[in-house]
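In this text, residue positions in the sequence shown follow our numbering: the first is 11, and each later residue adds one. Beta carbons: idealized from backbone N, C-alpha and C, even for Gly. Just so we're clear, the structure is a prediction, and the values are computed from it rather than from any experiment. So the structure is just underneath, and the comments pick up after that.
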Amino acid sequence: MIQLRSFVVGFAAAVALASAIAVAQQKSFDDTVVTTVNGEPITRRQMVERLLEYHGEAALQAMVNQALTRQAASQREVAVTDAEVEQKLNEVKSKIGKDFNAFLVSSSLTEALYREQIRYTLLAEKTALKIDPIKSEDLDQIQVRVILCRDENHAKAVVRQLSAPNIDFGVIALQESQDPASKGEGGLLPPFFRIDYQDIWHFASKLQPSQFTREPAPVQGGQFLIIKLEKRIPAAQVKPQEKERAIARIKSYKIDRLLEELHERAKIEYPVALKDIIREPAPK
């Protein structure tokens with residue numbers, strides 16, 4: 011299923027709720043009957059309480075993110091046109107095809123609400139890229155071999171083996187690596203972009219082809235990685251479909267970083283706790 015990048019968990023649900031909550035706040039706890047079930051009334055008050063209880067936190071955080079995105083875009087004179095929204099919507103429809111309506115239903119969205127989600131996603135994307143554009147080197151690839159070691163002592167012992175004359179890195183990887191996925195290939199990984207494995211790229215970028223990291227790189231779980239650079243692949247030699255995949259991932263990453271930085275710098279206050287607005291205040 012095609013997903014347009016949502017930059018906060020619960021964003022789609024939040025968009026769907028925003029207008030309902032805004033209207034409901036005018037008469038948040040009145041007893042207007044919105045439906046009856048075998049004569050039993052369900053009131054606006056009950057409906058709003060349930061919406062807030064189930065989705066209030068996600069909706070509130072999404073609205074905060076929307077406000078931060080609008081402010082950042084305005085400061086940098088970034089805007090999204092109706093034509094851009096329409097183009098993105100048509101792209102999604104083209105990819106999903108006849109399943110588009112089912113996608114909306116499964117996401118609890120109308121097409122109008124989905125357009126709003128597209129608009130905010132594009133606004134965040136354009137703002138993030140204006141701050142930090144995608145560079146040509148972001149679309150270069152490298153290919154490496156790796157040896158995953160149990161711990162630092164194991165890694166240092168493997169480095170000593172590799173430092174001996176006429177030693178084949180791939181053979182040592184087959185013998186010593188703790189990574190079952192690459193071990194059988196002599197530690198060889200498929201070509202990748204920096205966005206795919208940023209930590210490996212950080213260490214490998216300092217190497218020349220055929221060199222390996224003399225200082226093992228720490229990874230999760232107390233394990234260590236020895237990396238050998240096999241080759242560099244300039245962006246001009248990368249397949250177009252691979253570039254498209256990388257660009258999509260880079261945009262997604264930059265949007266996440268934008269929201270993180272905006273949150274860190276923002277002054278966000280919550281004068282009323284969410285739990286205090288879910289239920290009707292007790293009469294004084």
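query: E154 and L199 closer than 8 Å at C-beta; result: Just to set this straight, residue 154 is Val in the shown sequence, not Glu. Contact flag set, yes.
query: For F179 and G194, believed in contact at Cβ under 8 Å, the rounded distance; result: Not really, about 15 Å apart at Cβ, beyond 8 Å.
query: Selection from R86, D161, S116, L149 that minimises the alpha carbon distance to V229; result: D161
query: Residue from I152, I141, E50 whose Cα sits closest to the Cα of K216; result: I152
query: Spatially closest choice to D142 from P281, D266, A165, I287, by CA coordinates; result: D266
query: Rounded straight-line distance, which links the Cα of L62 to that of T223; result: 53 Å
query: Beta strand (DSSP E) segment containing P51, residue limits; result: 50 to 53
query: Inter-residue Cα distance where the pair is I106 and L114; result: 11 Å
query: Straight-line Cα distance separating P244 from A256; result: 14 Å
query: C-beta atoms of D109 and I260 nearer than 8 Å; result: no
query: DSSP bridge partner residues for T45 (one or two, in chain order); result: I52
query: Distance CB(R54)-CB(V90) smaller than 8 Å; result: no
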